Amino acid sequence: MSAADAPAPPRTEPDGRTRSAGTGTLRASVRLLRSELRLIVGRRRNQAGMLVLAAVPVLIAVALRVSAGDEEGGGGLLALANNGIFVALTALSVEIALFLPLAVAALSGDTIAGEANQGTLRYLLTVPVGRTRLLAVKYVSLVIGAAIGVLVVAGTGVVVGGALLGLGPTTLLSGTQVGVADALLRLALAGAYVTAGLAALAAIGLFVSTLTEQPIGAMIAVTVISTAMWIMDAIPQLDWMHPWLLVHRWSAFADAFRDPIFWDTMRIGLAVDLAYAAVFGALAWARFARKDVTS
Amino acid sequence: MTQAAPSPTRVEAAVATVGLRKTFGSQAAVDGIDMVVPPGAVYGFLGPNGSGKTTTIRMLLGLVHATEGRIEVLGAAVPDAAGDILPRVGSLVEGPAFHPYLSGRANLARLDAADRFADPATSAVRIDAALDRVGLLAAARKKYRAYSLGMRQRLAIAAALLAPRDLLVLDEPTNGLDPQGTREVRHLVASLAADGATVLVSSHLLSEVEQMCSHVGVMREGRLVAQGTVADVRSAGARAVAEVTTLDGERAAGVLRELGLAGVAQTTTGATAVPGEVPPERIVAALVAAGVGVRAFAVQSPSLEDLFVSLTGEGFDVSG
């Protein structure tokens, strides 16, 4: 610690603060968001999680390839299945029940509860980052994290499925065939719809994360919430409740593969997603803005 | 889009609180304190564990909301204007805390990214300057989890120095540092103060506070029981003690009593009393005149530590 002779930080303004006049809140927030994403993507646990997400479409593709080899020339479902796009679609519908919500749960545990648990929250707040800004950046990073998860699932499906089964004209659920480009666009739409649902779950996760200093606790809570909704959605006696469940219309992403695209369910699904995101985002803000940070 | 941090204004006090109170449940962690840290002061914030120092510091930084009372930091109300003045405040609160899997440099980069007034163009230069100032430049690329406690503490201090500051709030800055590191922190605090910054430093190491602080505030069970310049607090808080070393303690005690001294006590080595206004030379003259064989005579001013114990009553024990 050479105290006296150390170079002083550069001073760009008379009052000693270094800043560029053009550094607006938006630009600064983008900088913070980049730092946040680096933290998410750089974390080993998240990298391992991405491998798990990617393993499912690989498994599906390999299974289809093996069974296609067994029944050479078999038609029907296999003809439909003989396609990378289909692998991606199947992987999404398999992972939407647990793996993708689990990924969102793990990331949301890190947002506030994780920073509080580590003690880094107090240093972020005294920088000062601004509580509302921190919450907003954390939420955007969660949504991007969810999008990355969906991209990993769908992308791996297309690439590995395409390599093992080929990428050709895709037969839609309505029976008509479309070209690869059209199918990829529809897959992008389906992925975006799934991401929107996960973004609503992320708002729940953000709120839960402001309630505790235990990231694992927050992660378990969010996983329990999404799984409980899937279970309730499967109980016919609770059908009065189904329209209000966040997950009820999540599977409607497959509607992108109808001809013409069937929008109705997805439209209502997006409205429900938005309502959940708004309510829990507001709750998270109300909780966090006045919270005593004692960690 | 254009934004400017508020420029420093001349203020009466760098930190001022009025009737500041914080209750957790039914317990008052901080119970109505009026704290005044003059600009340019090095203010030693003393008190046993659990006396409310850290809660007070958290309130000053807007982390914890006060139950009652007002806070002004650098002339602005906290927490309402915290976003405006906190960029000018460097802080170390309750020990270092960083992301374990990031390097020291990456951790500072993250904090710098969170500062909306920080210029990304100068980020790397400022980070290295701060690391160099705490002697951590050589270990900048190491992961935080591989740091020793002392290195972690240094990194936390570096974080407080990422931008030029008008006020530094350092909670136990020498915690975990070796004697060499402790001395470096003392020099650092001195150099920061010499640059015109106000420093509020909480510490248990009283000798430290005595060496580097111009002002002190002593907390006890949520109350500020003494505050002012080190000299003021010392003279107000505890009185000097006159100590006579003699074989004839009984007669010495008698003489001291005749002189009207308070708190006369006979000890194994002689007698003690509080001289008050009576000058020491008169006491010695009276003792000698009375035929007491004086082997030694001393008037002991209490150390800050004695004062601390007398003010807080319980030394370093945890208070309820």
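Heads up: the protein sequence lines correspond to chains A and B, in order. Its first residue numbered 3, the first sequence is counted upward by one per residue in this note's numbering. Its first residue numbered 141, the second sequence is counted upward by one per residue in this note's numbering. For every residue, glycine included, the Cβ atom is placed at its ideal position computed from N, Cα and C. The structure presented is a predicted model; accordingly, all values stated were derived computationally and were not measured.
Exercise. Compile a chain-ordered list of the residues in the segment 116 to 145 of chain A whose CB is closer than 7 Å to at least one CB of chain B.
Key: Taking 7 Å as the Cβ-Cβ cut-off against chain B, the residues of the segment 116 to 145 of chain A that qualify are Q120, G121, T122, R124, Y125, L126, L127, T128, V129, P130, V131 and G132.
Quiz item: If you draw a straight line from the C-alpha of A:I98 to the C-alpha of A:T229, how long is it?
Solution: The residue given as residue 98 of chain A occupies position 96 in the first sequence. The residue given as residue 229 of chain A occupies position 227 in the first sequence. Approximately 10 Å, taken between the alpha carbons.
Quiz item: In chain order, what residues of the same chain have a beta carbon less than 6 Å from the beta carbon of A:G24, not counting five sequence neighbours either side?
Solution: Numbered from 1 along the first sequence, position 22 holds the residue referred to as residue 24 of chain A. Residue placement at A:G24 is poorly supported in this model, since its pLDDT is 44, which falls under 50; the coordinates are not used for a value here.
Quiz item: chain B beta carbons: is any one of them nearer than 9 Å to that of A:S31?
Solution: As a working mapping, residue 31 of chain A is identified with position 29 in the first sequence. It does: the Cβ of A:S31 has a partner Cβ on chain B nearer than 9 Å.
Quiz item: Count the other CB atoms within 10 Å of the CB of A:G77; is the residue buried (16 or more) or exposed (fewer)?
Solution: The residue you call residue 77 of chain A lines up with position 75 of the first sequence. In this predicted model, A:G77 has a pLDDT of only 46, less than 50, meaning its place in the structure is not dependable enough to derive any value.
Quiz item: With DSSP run on the structure shown, which of helix, strand or coil describes B:H327?
Solution: The residue given as residue 327 of chain B occupies position 187 in the second sequence. The answer is helix: DSSP assigns B:H327 an H, G or I state.
Self-check item: As assigned by DSSP and simplified to three states, the class of A:W271
Solution: Within the first sequence, residue 271 of chain A is the residue found at index 269, counting from 1. It should be noted that the sequence gives Gly, not Trp, for residue 271 of chain A. Per DSSP, reduced to three states, the secondary structure at A:G271 is helical.
Self-check item: Proximal residues, the segment 425 to 443 of chain B versus chain A, C-beta separation under 7 Å
Solution: Across the segment 425 to 443 of chain B, no CB contact with chain A closer than 7 Å is found for any residue.
Quiz item: When the Cα atoms are used, what is the spatial distance from B:P112 to A:L41?
Solution: Here chain B comprises residues numbered 141 to 460, so residue 112 of chain B is not present and cannot be evaluated.
Quiz item: Shorter than 9 Å from the beta carbon of B:H205 to some beta carbon of chain A?
Solution: Here residue 205 of chain B corresponds to residue number 65 of the second sequence, with the count starting at 1. Yes, because at least one Cβ of chain A sits closer than 9 Å to the Cβ of B:H205.
Quiz item: Between which two residues does the alpha helix (DSSP H) containing B:G209 stretch?
Solution: Position 69 of the second sequence, counted from the start, is the residue given in the question as residue 209 of chain B. Here B:G209 belongs to no alpha helix (DSSP H); instead the beta strand (DSSP E) covers E208 to V213.
Self-check item: Opposing strand residues paired with A:T173 [DSSP bridges]
Solution: By one-based count along the first sequence, residue 173 of chain A stands at place 171. A:Q179, per the DSSP bridge assignment.
Quiz item: Counting contacts by CB-CB distance shorter than 9 Å, is B:D220 in contact with chain A?
Solution: If you number the second sequence from 1, residue 220 of chain B lands on position 80. Taking a beta-carbon distance threshold of 9 Å, B:D220 does not count as an interface residue toward chain A.
Quiz item: Hey, does A:L41 have any beta-carbon neighbour from chain B nearer than 9 Å?
Solution: Walking along the first sequence from the start, residue 41 of chain A turns up at place 39. A:L41 counts as touching chain B.
Quiz item: At a Cβ threshold of 9 Å, is B:H344 touching chain A?
Solution: For the purposes of this step, residue 344 of chain B is identified with residue 204 of the second sequence, where counting begins at 1. No, B:H344 does not count as interfacial toward chain A.
Quiz item: Is it true that the segment 350 to 358 of chain B meets the segment 324 to 333 of chain B, where meeting means three or more beta-carbon pairs spaced less than 8 Å apart?
Solution: Three or more Cβ pairs closer than 8 Å define a contact, and the segment 350 to 358 of chain B meets that threshold against the segment 324 to 333 of chain B.
Quiz item: Are the beta-carbon atoms of B:G431 and B:R391 separated by less than 9 Å?
Solution: For the purposes of this step, residue 431 of chain B is identified with residue 291 of the second sequence, where counting begins at 1. For the purposes of this step, residue 391 of chain B is identified with residue 251 of the second sequence, where counting begins at 1. Between B:G431 and B:R391, the C-beta gap is smaller than 9 Å, which places the two residues in contact.
Practice problem: Could you work out which residues of chain A lie near B:R231, taking near to mean beta carbons separated by less than 7 Å? | Solution: Counting from 1 along the second sequence, the entry for residue 231 of chain B is found at position 91. As written in the sequence, residue 231 of chain B is Ser, which differs from the Arg given in the question. What B:S231 touches in chain A, judged by beta-carbon distance under 7 Å, is T128, going in chain order.
Practice problem: Just the chain A side, please: which residues come within less than 8 Å of B:F185 by C-beta, in chain order? | Solution: Position 45 of the second sequence, counting from 1, holds the residue named residue 185 of chain B. Near B:F185 there are no residues of chain A at all, since even the closest Cβ is about 17 Å away, more than 8 Å.
Quiz item: Should B:A249 and A:S143 be called a contact, given that it needs their Cβ atoms to be closer than 9 Å?
Solution: Stepping through the second sequence from its first residue, residue 249 of chain B is reached at position 109. Stepping through the first sequence from its first residue, residue 143 of chain A is reached at position 141. No, these two residues do not count as a Cβ contact at 9 Å.
Quiz item: What three-state label does DSSP hand A:G76 in the structure shown?
Solution: The residue you call residue 76 of chain A lines up with position 74 of the first sequence. With a pLDDT of 45 at A:G76, under the threshold of 50, the modelled position of this residue cannot be trusted; read the value that follows with caution. DSSP places A:G76 in coil when its eight states are reduced to three.
Practice problem: Express the C-alpha separation of A:G26 and B:E324 in angstroms, rounding to a whole number. | Solution: Within the second sequence, residue 324 of chain B is the residue found at index 184, counting from 1. Within the first sequence, residue 26 of chain A is the residue found at index 24, counting from 1. Between B:E324 and A:G26, the C-alpha separation is close to 37 Å.
Self-check item: Stretch-stretch touch, CB-based, cutoff 8 Å, three pairs: the segment 171 to 186 of chain A with the segment 243 to 250 of chain A
Solution: Contact between the segment 171 to 186 of chain A and the segment 243 to 250 of chain A is absent, with fewer than three C-beta pairs closer than 8 Å.
Exercise. Output yes if chain B places a C-beta closer than 9 Å to the C-beta of A:S37; else output no.
Key: Along the first sequence, one-based indexing puts residue 37 of chain A at 35. By this cut-off, A:S37 is an interface position.
Quiz prompt | Alpha carbon of B:V449 to alpha carbon of A:G283, nearest angstrom | solution = By 1-based counting over the second sequence, the position of residue 449 of chain B is 309. By 1-based counting over the first sequence, the position of residue 283 of chain A is 281. Between B:V449 and A:G283, the alpha-carbon positions lie close to 50 Å from each other.
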